[in-house]
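Visitor: Once you've had a glance at the structure underneath, I'll fire off some questions.
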Amino acid sequence: MVIKSRGKNNKVEKLEALISRLNPGHPQWEWIKEELHKRQSGERGERSLDYHLTFLPQDEFFILHDLRLKNEQGYFFQIDTLLLSSRFFTIIDVKNYGGSLFLDHHFNQLIQQSSNGNKRGLLDPISQIRRQQLQFKNWMKSNGMEDIPVESLIILSNSSTIIETTSNPSYYDKITRSINIDNKIEQFKLKYPKEIFTKEELWPFAKALVTAHTPSDYDPLKYFKITHADLLKGVCCPSCSILPMIRLHGNWQCSVCMYNCKDAHIRALQDYKLLISDTITVREMCSFLGMSSRYSAYRLIRTMSLCHSGGTKGREYFL
Ligand SMILES: [Zn+2]
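Numbering (UniProt numbering) for the sequence shown: 1 to 319.
Given below as structure tokens:
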């Protein structure tokens, strides 16, 4: 049973908003585009795992996706998927790598070779998941739940990926394909036949995990050193994606494809919320949407029935 779903990946949403508001000639554009592709691919991999998890006996597992927990040192660690059962827990890390992979346990490195022959080094997923496992066990200890074994698995979600490794048996046990997940879990069930908690005893711990989850405060502007002045202002045309549309007789009109609509500003304000702030003043809205009349910006914001704080001067609206 899924008790915490994945939801839309906030980092992907933020990067999509950022790339749509940057000039392709911007020095950071290629880097941001690459980061966005990487995260979109990761998100696809995680979602493809969800289908394979439906083959597990649903009444035996609490499934939690996309958990971000704080360790004792105050740093956050992230778990793609966590399976809780009465006999053992399993941490799952999803990797959507393409091409050919070579896992080298001597140097703890993963070498990826793409179809054009280019090689690049990546973090060794075994070391990564060991670290996650350790942090999770510590988290369990500090939350009164240390008696249950914790297994970990790395799932390769891209079925066309070729993988080779040095002859280290622990690597074979830790890495598998999405389609084999139910088989791996069956092996864990044989390894841990004894029930340690009842499902009723497990439930408060599952709830505590959901409560302890802290969404990421990822700020792509800070990360990529982008200033507000770098962002393209205006309302984007939903039909041809050109910026900016023109405000005409209470409508938004595209001067390129002539598309006309009433609510194109909603998407622009979503971008503002993802990239800048979740509150906005009429003056800030005028500037971001590229409106010349403060009065029409005020009328527009009134139509959205947003909650607000402060008096009439400098009033902040909650997006
Ligand atoms: Zn257009």
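C-beta: ideal position from N, C-alpha, C; glycine also.
Tell me which residues share the same chain as residue 14 and place their Cβ nearer than 6 Å to its Cβ, disregarding the 5 neighbours each side in the sequence.
Guide: These residues qualify, in order along the chain: 220 and 274.
Visitor: Any heavy atom of ligand 1 within a distance shorter than 7 Å of the CB on residue 256?
Guide: yes
Visitor: Could you check how far apart the C-beta atoms of residue 268 and residue 237 are, in whole angstroms? I think they sit under 8 Å.
Guide: Taking C-beta atoms under 8 Å as the contact rule, residue 268 and residue 237 fail to qualify, at a distance of about 11 Å.
Visitor: Starting from residue 210 and walking both ways along the alpha helix (DSSP H), at which residues does that stretch end?
Guide: 199-212
Visitor: Go ahead and pull the three-state DSSP assignment for residue 95.
Guide: It is a strand residue.
Visitor: Start and end of the alpha helix (DSSP H) containing residue 182?
Guide: 181-191
Visitor: What do you reckon, are the CB atoms on residue 113 and residue 100 nearer than 8 Å?
Guide: yes
Visitor: Should residue 97 be labelled buried (16 or more other beta-carbon atoms within 10 Å of its own) or exposed?
Guide: buried
Visitor: Which class does residue 277 belong to by DSSP, given the choice of helix, strand or coil?
Guide: coil
Visitor: On the criterion of 16 or more Cβ atoms from any shown chain inside 10 Å, does residue 264 qualify as buried, or is it exposed?
Guide: buried
Visitor: Quick one, are the C-beta atoms of residue 172 and residue 88 less than 8 Å apart?
Guide: Against a cut-off of 8 Å, the Cβ pair of residue 88 and residue 172 comes out as no contact.
Visitor: Pull up the distance between the alpha-carbon of residue 145 and that of residue 46, whole angstroms please.
Guide: Roughly 27 Å separates the two Cα atoms.
Visitor: Could you tell me whether any non-hydrogen atom of ligand 1 is closer than 7 Å to the CB of residue 242?
Guide: yes
Visitor: Could you check if residue 261 belongs to the surroundings of ligand 1, using beta carbon to heavy atom distance under 7 Å?
Guide: no
Visitor: If you drop the 5 nearest sequence neighbours on each side, which residues of the same chain put their C-beta closer than 6 Å to that of residue 232?
Guide: 21 and 243
Visitor: Under a three-way DSSP split, which group does residue 105 fall into?
Guide: coil
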